[in-house]
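Reading through the structure tokens given below for one structure.
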Amino acid sequence: MKEFKLISAIKSQITVKDSSLIKGIGDDCAVIQESGRNLLITTDAFYENTHFKRKYFTPIQIGAKAAAINISDICAMGGIPRYMFVNIGVPKKDSGNYAGLIMRGILAYAENYGVVLAGGDTIKSDKVFISITLIGQADEGFLLRSGARPGDRIFVTGCLGSAAAGLQILEKKGDKKIKDNESELVKKFISPQPKLEQGRLLLMSKCVSSCMDLSDGLISDISRICEESRTGARIDADLLPVSPSLAAYAAKTKTTAAEYALYGGEDYELLFTVPENKVKKFAKFMAGYGVPFFQAGMITAKKGVYVKRGSKIIKETYSKAWNHF
Numbered sequence: 000m001k002e003f004k005l006i007s008a009i010k011s012q013i014t015v016k017d018s019s020l021i022k023g024i025g026d027d028c029a030v031i032q033e034s035g036r037n038l039l040i041t042t043d044a045f046y047e048n049t050h051f052k053r054k055y056f057t058p059i060q061i062g063a064k065a066a067a068i069n070i071s072d073i074c075a076m077g078g079i080p081r082y083m084f085v086n087i088g089v090p091k092k093d094s095g096n097y098a099g100l101i102m103r104g105i106l107a108y109a110e111n112y113g114v115v116l117a118g119g120d121t122i123k124s125d126k127v128f129i130s131i132t133l134i135g136q137a138d139e140g141f142l143l144r145s146g147a148r149p150g151d152r153i154f155v156t157g158c159l160g161s162a163a164a165g166l167q168i169l170e171k172k173g174d175k176k177i178k179d180n181e182s183e184l185v186k187k188f189i190s191p192q193p194k195l196e197q198g199r200l201l202l203m204s205k206c207v208s209s210c211m212d213l214s215d216g217l218i219s220d221i222s223r224i225c226e227e228s229r230t231g232a233r234i235d236a237d238l239l240p241v242s243p244s245l246a247a248y249a250a251k252t253k254t255t256a257a258e259y260a261l262y263g264g265e266d267y268e269l270l271f272t273v274p275e276n277k278v279k280k281f282a283k284f285m286a287g288y289g290v291p292f293f294q295a296g297m298i299t300a301k302k303g304v305y306v307k308r309g310s311k312i313i314k315e316t317y318s319k320a321w322n323h324f
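Residue 20 in numbering that gives the first Met the number 0 sits at position 21 of the sequence shown, and the numbers go up by one each step.
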């Protein structure tokens with residue numbers, strides 16, 4: 000079963016409603032309004048051989064990345080991450096020190112974002128398993144996936160495709176014989192950086208109509224915005240920002256840099272939309288803070304995601320997109 004279909008099946012079974020739940024399934028975080036305050040709540044699992052392989056990560060790096068992917072969800076909604084609950088499982092053959100090193104990675108990374116550990120659980124598991132629930136604040140409002148409208152311009156906060164190339168390098172070479180420009184790509188995969196400042200600025204600008212973080216790749220994730228907003232999208236492959244390191248690496252492979260940018264996941268940049276009549280205002284606002292952003296396409300009334308390559312426009316089939324199942 001595709002991930003989209005599984006989530007839809009779960010969503011269809013929900014019968015109990017609560018007026019305090021402003022946003023439930025279908026966004027980066029749930030939004031709960033309590034005593035006039037908006038709480039953002041997100042949870043993500045990080046499972047060995049599904050999300051990471053131990054041979055590519057130190058235990059501290061495993062913990063740090065598990066924290067990063069949760070913090071990124073709060074950032075995508077313009078919120079401030081505050082408290083976390085951590086469930087961790089390790090095989091019996093691993094010493095308690097291994098779990099301790101993972102927790103050190105989680106705590107050190109979370110501390111950089113002002114996040115406090117509030118509780119959790121430990122279990123014995125066949126493989127390394129981490130599940131983090133993160134609570135954030137959004138008292139000044141929040142960004143959703145569901146506000147995009149036809150004509151809105153699609154933007155991203157930074158270069159795409161580097162993390163996917165980094166994973167490919169590790170799969171081919173392990174950690175040996177990695178060249179300088181390749182090490183930058185590997186670092187993007189191992190150590191993502193959530194976009195807290197950018198998320199806050201997108202909210203403050205009052206120009207952004209929808210937003211989410213890029214975890215599963217541009218094509219997969221823009222389709223989520225389209226699903227929630229009931230729109231379509233056209234992505235311009237020639238506009239997508241890629242790093243010099245990715246361009247150099249792609250030139251030696253059978254895959255173009257644009258393909259990595261379109262389908263590669265785990266960049267954890269922010270993907271967002273701005274109404275056409277607010278683009279100039281938004282650009283001026285972001286320039287005032289010296290924060291770059293890059294156009295990637297346009298929201299359309301026509302359903303489906305289309306990719307423009309040169310003069311050709313082709314409808315996406317999602318055959319190359321990341322799927323957990």
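Ideal placement from N, C-alpha and C gives every residue a C-beta, glycine not left out.
S130: first and last residue of the uninterrupted beta strand (DSSP E) it sits in = Stepping through the sequence shown from its first residue, residue 130 is reached at position 131. That run of the beta strand (DSSP E) goes 128 to 136.
Would you check if there are 3 or more beta carbon pairs closer than 8 Å linking the segment 213 to 224 to the segment 81 to 89?
-> no
Contacting residues, own chain, Cβ-Cβ under 6 Å from T121 (five flanking each side not counted) | Locating residue 121 in the sequence shown gives position 122, where the first residue counts as 1. Answer for T121: I87, listed in chain order.
Mind checking whether E265 and P191 have CB atoms under 8 Å apart?
-> Your numbering for residue 265 matches position 266 in the sequence shown. Your numbering for residue 191 matches position 192 in the sequence shown. Yes, they are a contact pair.
Local Cβ density within 10 Å of M0, reported as buried at 16 or more and exposed below that = As a first step, residue 0 must be located in the sequence shown, where it is residue number 1. Caution is warranted here: a pLDDT of 43 is assigned to M0, below 50, making its placement in the model unreliable, and the coordinate value is therefore given only provisionally. Exposed, since its Cβ has fewer than 16 Cβ neighbours within 10 Å.
With a 10 Å radius around its C-beta and 16 neighbouring C-beta atoms as the bar for buried, classify L133 as buried or exposed.
-> In the sequence shown, residue 133 corresponds to position 134, counting from 1. The residue in question, L133, is buried, as its Cβ has 16 or more Cβ neighbours within 10 Å.
Run of the alpha helix (DSSP H) containing E33, from where it starts to where it stops = Stepping through the sequence shown from its first residue, residue 33 is reached at position 34. Note, E33: premise wrong, no alpha helix (DSSP H); beta strand (DSSP E) at 29 to 33.
Contacts around Q32, its chain only, beta-carbon distance under 7 Å, and the 5 residues preceding and following it disregarded = For the purposes of this step, residue 32 is taken as residue 33 along the sequence shown, with counting starting at 1. Contacts found: S19, I21.
S209 bridges to which residues according to DSSP?
-> Counting from one through the sequence shown, the residue named residue 209 turns up at place 210. Per DSSP, T272.
Would you be able to state if there are at least three C-beta pairs under 8 Å between the segment 246 to 257 and the segment 49 to 58?
-> no
Hey, quick one: how far does the alpha helix (DSSP H) through F281 stretch, first residue to last?
-> Sequence index remark: in the sequence shown, residue 281 carries index 282 (1-based). Per DSSP, F281 belongs to the alpha helix (DSSP H) from 278 to 287.
Exposed or buried, what is Q197 when buried is set at 16 or more other beta-carbons lying within 10 Å of its beta-carbon?
-> Sequence index remark: in the sequence shown, residue 197 carries index 198 (1-based). Burial call: buried.
Start and end of the alpha helix (DSSP H) containing L184?
-> For the purposes of this step, residue 184 is taken as the residue at position 185 of the sequence shown. Its alpha helix (DSSP H) spans residues 179 to 189.
To the nearest angstrom, how far is it from the Cα of E315 to the Cα of G77?
-> Indexing the sequence shown from 1 puts residue 315 at position 316. Indexing the sequence shown from 1 puts residue 77 at position 78. Roughly 29 Å between the two C-alpha positions.
Please name the residue, chosen from I224, F293, T42, N276, that lies closest to G303 on a Cα-to-Cα basis.
-> The count along the sequence shown starts at 1 and reaches residue 303 at position 304. Nearest of I224, F293, T42, N276 to G303, Cα basis: I224.
Can you name, in chain order, every residue of its own chain whose Cβ lies under 8 Å from the Cβ of I61, other than the five neighbours on each side?
-> In the sequence shown, counting from the first residue as 1, residue 61 sits at position 62. F45, F51, R53, I101, G104, V127, I129, listed in sequence order.
Residues that DSSP places opposite Y305 in a beta bridge = Translated into positions along the sequence shown, residue 305 becomes position 306. Note: Y305 sits in a beta bridge opposite R233, K314.
Terminal residues of the alpha helix (DSSP H) in which A300 lies = To locate residue 300, count along the sequence shown from 1; it is residue 301. Premise fails: A300 is in no alpha helix (DSSP H) and is neither H nor E.
Buried versus exposed, by CB contacts within 10 Å (16 or more), N96 | As a first step, residue 96 is located in the sequence shown; it is residue number 97 there, counting from the start. Flag for N96 reads exposed.
Helix, strand or coil for R325 per DSSP?
-> Residue 325 is absent from the model: the chain starts at 0 and stops at 324.
Beta strand (DSSP E) runs wholly inside the segment 98 to 168, at least 3 long, in chain order = 115 to 123, 128 to 136, 152 to 155
So what does DSSP say about D17, is it helix, strand or coil?
-> What you label residue 17 is simply residue 18 of the sequence shown in a count that begins at 1. Coil, per DSSP.
Please look up how many angstroms separate the CB atoms of V273 and F154, rounded, as I've assumed it's under 8 Å.
-> In the sequence shown, the residue the question calls residue 273 occupies position 274. In the sequence shown, the residue the question calls residue 154 occupies position 155. Rounded, the Cβ-Cβ distance is 6 Å, consistent with contact.
Distance, K123 Cα to G309 Cα | Position 310 of the sequence shown, counted from the start, is the residue given in the question as residue 309. Position 124 of the sequence shown, counted from the start, is the residue given in the question as residue 123. Near 53 Å, if we compare the C-alpha coordinates of K123 and G309.
Output the boundary residues of the alpha helix (DSSP H) element that contains I24.
-> On the sequence shown, residue 24 is found 25 positions in, with the first residue counted as 1. I24 -> no alpha helix (DSSP H), and no H or E assigned at all.
Put Y46 into one of helix, strand or coil per three-state DSSP.
-> Taking the sequence shown and counting its residues from 1, the one referred to as residue 46 is at position 47. Three-state result, Y46: strand.
Which residues share a DSSP beta bridge with M203?
-> To locate residue 203, count along the sequence shown from 1; it is residue 204. Per DSSP, none; premise fails for M203.
Using 8 Å as the limit for Cβ to Cβ distance, is I224 near chain B?
-> Structure shown: chain B not included; a single protein chain is present.
At least 3 beta-carbon pairs within less than 8 Å: the segment 161 to 178 vs the segment 250 to 264 | yes
Take the Cβ of R229 as the centre, count every other Cβ of all protein chains shown within 10 Å, and call the residue buried at 16 or more, exposed below.
-> On the sequence shown, residue 229 is found 230 positions in, with the first residue counted as 1. The residue in question, R229, is exposed, as its Cβ has fewer than 16 Cβ neighbours within 10 Å.
To the nearest angstrom, how far is it from the Cα of S208 to the Cα of P291?
-> Your numbering for residue 208 matches position 209 in the sequence shown. Your numbering for residue 291 matches position 292 in the sequence shown. Near 18 Å, if we compare the C-alpha coordinates of P291 and S208.
Report buried or exposed for R152, applying the criterion of at least 16 other Cβ atoms within 10 angstroms of its Cβ.
-> Here residue 152 corresponds to residue number 153 of the sequence shown, with the count starting at 1. Burial call: buried.
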